[in-house]
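Presented below is the structure to which this report refers.
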Amino acid sequence: EVQLVESGGGLVQPGGSLRLSCAASGFSFTSFSMNWVRQAPGKGLEWVSYMGISSGPIFYADSVKGRFTISRDNAKNSLYLQMNSLRDEDTAIYYCARIRTGYYFDSWGQGTLVTVSS
Amino acid sequence: QSVLTQPPSVSGAPGQRITISCTGSSSNIGAGYDVHWYQQLPGTAPKCVIYGNNNRPSGVPDRFSGSKSGTSASLAITGLQAEDEADYYCQSYDSSLSGSWVFGGGTKVTVL
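Top line first, the protein sequences correspond to chains F and H. Position 69 of the first sequence, counted from 1, bears residue number 973 in my numbering, the numbering being contiguous throughout. Position 17 of the second sequence, counted from 1, bears residue number 62 in my numbering, the numbering being contiguous throughout.
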């Protein structure tokens, strides 16, 4: 069974940093590209970042470009999101999601909540 | 403002058929990129119910179907059931933005 488990969320002040992790199991992690997708409270889904199989290519949404960095450790079956210069509008549940050929997200984690507030 | 446009809400009685529209543009749906649909029950992660315009993942009831034409797509639910009450999102890829996967704003389905 495919499992994606996010961790690392929490309360952080504006301008602060946080690192999210996603532990993958139940499939060959090295065979899939991975993404982060977020959802602000009461709002819709927003794609955040993509990382290919061998740590490339990498893409970011304009809203996080220059502040967030995606990475992966294939030896640990893990995906990461380093978030710097956090803003109020970054408050959201962050989901780790596997992407399939055809560009759709076929497996999602349960999400981790990031709250940016003073 | 979402790149893909969905109605905020749709409702129907049990057993009825409802449809949810998803309107895009020439840089996403109209460019030939596939449309995918997700169901999000309250307090849970999204789940794919239609991929590649009209394909159902294993385990998704055949009450769910999808279609695409031009710059738009639709999700249909026939024989509406109480358990179908959820938020639904369409998703595609947009070539006008570097590496950008885009979602609709979401549609709340209410079973009357």
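Where is the CB? At the ideal position from N, CA and C, for every residue including glycine.
For Pro52/H and chain F, any beta-carbon pair shorter than 8 Å? no
Determine the closest residue to Ala927/F out of Arg976/F, Leu990/F, Met987/F, with distance taken between C-alpha atoms. It is Arg976/F whose Cα lies nearest to the Cα of Ala927/F.
If I measure Cβ to Cβ from Ala127/H and keep anything under 8 Å in the same chain, skipping five residues before and after, which residues do I get? Pro59, Val156
Between the segment 952-969 of chain F and the segment 905-924 of chain F, can you find at least three pairs of beta-carbon atoms closer than 8 Å? Not touching, per the Cβ criterion.
Among Asp129/H, Ser112/H, Ser56/H, Pro52/H, the one whose alpha carbon lies nearest that of Val80/H: Nearest of Asp129/H, Ser112/H, Ser56/H, Pro52/H to Val80/H, Cα basis: Ser112/H.
Give me the residue from Lys969/F, Gly960/F, Glu950/F, Glu993/F with the minimum Cα distance to Phe936/F. Gly960/F
Taking only three categories from DSSP, how would you classify Ala965/F? coil
Which of helix, strand or coil does DSSP assign to Phe936/F? Phe936/F: coil per DSSP, three-state reduction.
List, from N- to C-terminal side, the alpha helix (DSSP H) runs of 4 residues or more that fit wholly inside the segment 49-135 of chain H. none
Which residues, taken in chain order from the segment 103-134 of chain H, show a beta carbon closer than 9 Å to some beta carbon of chain F? Asp132, Tyr134
Over what stretch of residues does the beta strand (DSSP E) that includes Gly914/F continue unbroken? 914-916
Which of helix, strand or coil does DSSP assign to Glu910/F? strand
What are the residues of the segment 995-1015 of chain F that lie near chain H, defined by any Cβ-Cβ distance shorter than 9 Å? Ile997, Tyr999, Ala1001, Ile1003, Arg1004, Gly1006, Tyr1007, Tyr1008, Phe1009, Asp1010, Ser1011, Trp1012, Gly1013, Gln1014, Gly1015
Bridge partners - Gly149/H, DSSP secondary structure assignment: Leu49/H
Distance cutoff 8 Å, beta carbons only. Does Ala90/H sit that close to anything in chain F? yes
Per DSSP, the bridge partner or partners of Asp139/H: Ser145/H
Between Tyr999/F, Val906/F, Leu983/F, Ala1001/F, which lies nearest to Ser929/F when the distance is taken from Cα to Cα? Val906/F
Could you tell me which of Asn99/H, Thr68/H, Val55/H sits nearest to Arg108/H, measuring between CA atoms? Ranking the options by Cα distance to Arg108/H, first place goes to Asn99/H.
Look up Glu993/F in the DSSP assignment and say whether it is helix, strand or coil. In the structure shown, Glu993/F sits in a helix (DSSP, three-state: H, G or I).
Looking at the strands, I want to know which residues DSSP matches up with Ile957/F. Its beta-bridge partners do not exist; DSSP assigns none.
Could you name the residues of chain H that Ala965/F contacts, counting a contact when the two beta carbons are closer than 8 Å? Result: Ser145.
Straight-line Cα distance separating Thr68/H from Leu1017/F: When rounded, the distance between both Cα atoms is 30 Å.
Select from the segment 47-71 of chain H all residues with a C-beta closer than 7 Å to any C-beta belonging to chain F, and list them in chain order. Those would be Ser47, in chain order.
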